[in-house]
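Numbering (numbering that gives the first Met the number 0), first residue to last: 0 to 446.
Below is one structure; the comments refer to it alone.
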Amino acid sequence: MTMIKDGRMKRWLPLFDLLYILALMLFVLAGVANVPFHGDEAMQIYMSRDFETAFVAGDFATLTQGPPYFTDDDNQLRILNGTVHRYLVGFARNLIGVGRDQLMPRPGWDWGLDYDFNVETGHMPSGSLLLAGRYASALLLALSVPVIFGISWHIGGRPTAYLAAGLFALHPVILLNGRRAVQEGAMLFFGLLSVLIGANLAARRARNLSGWPLWPLLAVSCTLALASKHSALPFVAGALGWVFISECVHFKLRRMLFAIVALTLTALVTAAGFIALSPALWSDPAGRIGNLLQIRQELIDSQVITFSDGPMPIQDRFLGVFTNPFMRSPQFFEAPAWANYEPITREIQAYTGSLLAGYPSGGVLGLALTAAMLMGMVGLYVPRWRPRRDWAPTLGLSVWTAATAGTLLLSPLDWQRYALPLLPCAVLFAAAGFTIVGRWIMLRSKR
0 MTMIKDGRMK RWLPLFDLLY ILALMLFVLA GVANVPFHGD EAMQIYMSRD
50 FETAFVAGDF ATLTQGPPYF TDDDNQLRIL NGTVHRYLVG FARNLIGVGR
100 DQLMPRPGWD WGLDYDFNVE TGHMPSGSLL LAGRYASALL LALSVPVIFG
150 ISWHIGGRPT AYLAAGLFAL HPVILLNGRR AVQEGAMLFF GLLSVLIGAN
200 LAARRARNLS GWPLWPLLAV SCTLALASKH SALPFVAGAL GWVFISECVH
250 FKLRRMLFAI VALTLTALVT AAGFIALSPA LWSDPAGRIG NLLQIRQELI
300 DSQVITFSDG PMPIQDRFLG VFTNPFMRSP QFFEAPAWAN YEPITREIQA
350 YTGSLLAGYP SGGVLGLALT AAMLMGMVGL YVPRWRPRRD WAPTLGLSVW
400 TAATAGTLLL SPLDWQRYAL PLLPCAVLFA AAGFTIVGRW IMLRSKR
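Below is the structure:
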């Protein structure tokens with residue numbers, strides 16, 4: 000009788016999985032309208048004018064202009080930012096009948112002006128325009144929930160998947176940035192999709208199953224991740240690194256040589272695809288990438304001078320790897336002056352007082368989640384604790400995390416958005432930590 004009940008339960012489990020994921024996706028979308036405004040949203044919406052330039056007028060000469068790059072000029076904004084989000088926002092605008100002639104003046108939000116003057120001069124997007132831009136990002140964030148569910152399944156099966164998906168979809172920092180009309184929703188979705196495809200490819204090859212259709216899919220997802228936001232590079236490195244480390248664990252010379260060649264080709268196709276989706280680089284890809292790195296460095300230097308007391312000390316950057324995931328409250332703005340803008344503070348108070356903002360950061364819960372994360376980091380390397388016998392998923396997650404943490408150690412700014420790529424890794428380790436503790440408690444109770 001027990002076996003019959005267990006069999007029926009197993010048949011219903013996929014439905015429970017689906018309902019759980021859908022509920023989390025709806026939660027992500029439910030709070031879009033309530034998110035406090037950020038000036039970069041206006042900039043991203045303004046740059047969505049490139050959708051008409053590219054797909055309506057076919058005016059690629061405008062999109063491919065090279066130097067000079069003046070501050071907040073269209074030319075500079077094109078080379079600094081990814082293309083995927085701005086095209087999606089342009090498409091969303093056209094769906095609701097808002098043309099480029101109804102957009103704000105250049106550059107969307109003028110950071111040289113205060114909040115009130117930006118509003119008076121028409122730099123604040125209308126409600127419908129702002130929502131169109133936000134949903135273009137939030138829909139991709141919602142689609143990231145089943146993706147993180149799939150990645151975590153490789154780490155520890157269904158229990159870890161349920162925990163990771165919940166921790167991800169309810170994470171206040173992920174919700175804040177993914178719901179806004181900025182590039183983070185696209186970066187998270189395509190970046191996590193790349194890691195999931197890499198994990199699936201590694202698992203199939205470990206079982207001697209054909210994985211050839213996944214190679215082009217991996218290249219496409221990595222391309223879209225980089226074209227969404229340049230800081231998606233750690234996701235790409237994590238996806239390719241997951242496959243490589245799995246080949247090392249299940250070493251066979253011929254398979255290893257094939258994997259090295261396939262990974263190299265995938266990386267080359269990704270680079271070519273990124274350039275193909277970035278018209279700002281077309282006129283001279285090598286030269287324009289050099290321009291991009293130079294302009295990015297100049298921007299960071301100016302931000303350090305304007306918005307901080309100097310570069311963040313290396314010890315603080317290292318500590319941030321462990322405190323950013325669960326111990327810090329959401330950073331609603333980076334410019335200190337925004338703390339004095341009453342409309343913004345009012346929006347922040349209303350949002351943080353809502354259940355739609357996600358679980359609270361810091362405090363007892365933050366400590367528990369951080370402890371679980373550390374437990375996962377250690378426990379996944381203890382064979383009798385690890386949920387999976389295979390070493391490859393643990394090492395794959397570790398390679399991905401190391402690549403992400405390395406980029407954070409290079410950042411001189413203590414801006415929470417820059418730590419966003421680390422949060423999925425932290426969520427996965429925390430979910431694994433809770434799984435390990437749960438299994439230990441169950442084993443103890445049976446004795």
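We put the beta carbon where it would ideally sit given N, CA and C, even for glycine.
Remember, predicted model here, so these are calculated numbers, not experimental data.
Classification of residue i by the beta-carbon crowding that lies within 10 angstroms, buried from 16 upward
i: Glu297; result: exposed
i: Met2; result: In this predicted model, Met2 has a pLDDT of only 45, less than 50, meaning its place in the structure is not dependable enough to derive any value.
i: Trp211; result: exposed
i: Leu408; result: exposed
i: Asp39; result: buried
i: Ala279; result: buried
i: Met0; result: Low confidence applies to Met0: its pLDDT is 41, below 50, so where it sits in the model is not reliable enough to give any reading.
i: Pro342; result: exposed
i: Ile78; result: buried
i: Leu394; result: buried
i: Leu18; result: exposed
i: Pro420; result: buried
i: Glu119; result: exposed
i: Gly184; result: buried
i: Gly107; result: buried
i: Pro450; result: What the structure shows of the chain is the stretch from 0 to 446, and residue 450 is not part of that stretch, so it cannot be assessed.
i: Leu192; result: buried
i: Met441; result: exposed
i: Arg204; result: buried
i: Arg473; result: Lying outside 0 to 446, the shown extent of the chain, residue 473 is not represented and no answer is given.
i: Ala371; result: buried
i: Asp58; result: exposed
i: Thr466; result: Residue coverage of the chain in this structure runs from 0 to 446, which leaves residue 466 outside it and unanswerable.
i: Arg206; result: exposed
i: Leu76; result: buried
i: Gly121; result: exposed
i: Ala231; result: buried
i: Arg295; result: exposed
i: Pro215; result: exposed
Cβ-Cβ separation, residue j to residue i (assumed contact under 8 Å), whole Å
i: Ala418; j: Gly375; result: About 18 Å separates the two Cβ atoms, so there is no contact after all.
i: Ser142; j: Arg178; result: As written in the sequence, residue 142 is Leu, which differs from the Ser given in the question. Incorrect: roughly 13 Å between the Cβ atoms, too far for contact.
i: Leu213; j: Ile196; result: 6 Å
i: Val242; j: Ala201; result: 5 Å
i: Arg388; j: Leu379; result: Their Cβ separation, rounded to whole angstroms, is 12 Å, which puts Arg388 and Leu379 out of contact at 8 Å.
i: Gly30; j: Ala91; result: Between Ala91 and Gly30 the Cβ distance is about 18 Å, and since that is not below 8 Å, they are no contact.
i: Asn145; j: Asn290; result: In the sequence on display, residue 145 carries Pro and not Asn. At roughly 38 Å, the Cβ-Cβ gap does not stay under 8 Å, so Pro145 and Asn290 are not in contact.
i: Tyr340; j: Tyr114; result: 4 Å
i: Ser227; j: Gln182; result: 6 Å
i: Pro310; j: Val303; result: 6 Å
i: Trp281; j: Thr63; result: 4 Å
Residue span of the alpha helix (DSSP H) that contains residue i, given as start and end
i: Phe317; result: Ile313 to Thr322
i: Ser307; result: Segment: none, Ser307 is in no alpha helix (DSSP H) and carries neither H nor E.
i: Glu183; result: Glu183 to Ala205
i: Thr159; result: Gly126 to Ala168
i: His84; result: Val83 to Leu94
i: Glu333; result: From DSSP, Glu333 is part of no alpha helix (DSSP H); its letter is neither H nor E.
i: Thr120; result: Unbroken run through Thr120: none, as it is neither H nor E.
i: Gln348; result: Glu341 to Thr351
i: Arg178; result: Pro171 to Arg178
i: Tyr45; result: Gly38 to Met46
i: Phe234; result: Leu232 to Val248
i: Trp384; result: Unbroken run through Trp384: none, as it is neither H nor E.
i: Thr63; result: No alpha helix (DSSP H) contains Thr63, which DSSP labels as neither H nor E.
i: Val219; result: Leu213 to Ser227
i: Asn74; result: Asp73 to Leu79
i: Asp49; result: Asp49 to Phe54
i: Trp399; result: Ala391 to Leu408
i: Leu375; result: As written in the sequence, residue 375 is Gly, which differs from the Leu given in the question. Here the alpha helix (DSSP H) through Gly375 covers Gly362 to Gly378.
i: Thr265; result: Leu252 to Ala275
Residue-level contact to chain C via CB, residue i, 8 Å cutoff
i: Val172; result: No chain C appears in this structure, which consists of one protein chain only.
Proximity test, residue i beta-carbon vs the ligand HEM heavy atom, cut-off 7 Å
i: Leu18; result: Among the ligands in the structure shown, none appear at all, so the ligand HEM cannot be discussed.
- Message: With three or more C-beta pairs closer than 8 Å as the rule, is the segment 49–64 touching the segment 256–272?
- Response: no
- Message: Counting beta carbon pairs with one atom in the segment 82–102 and one in the segment 125–145, are three or more of them shorter than 8 Å?
- Response: yes
- Is there contact between the segment 355–363 and the segment 163–171, where contact requires at least three CB pairs shorter than 8 Å? yes
- Message: Taking 8 Å as the cut-off, does the segment 219–227 touch the segment 179–199 (at least 3 CB pairs, one atom from each stretch)?
- Response: yes
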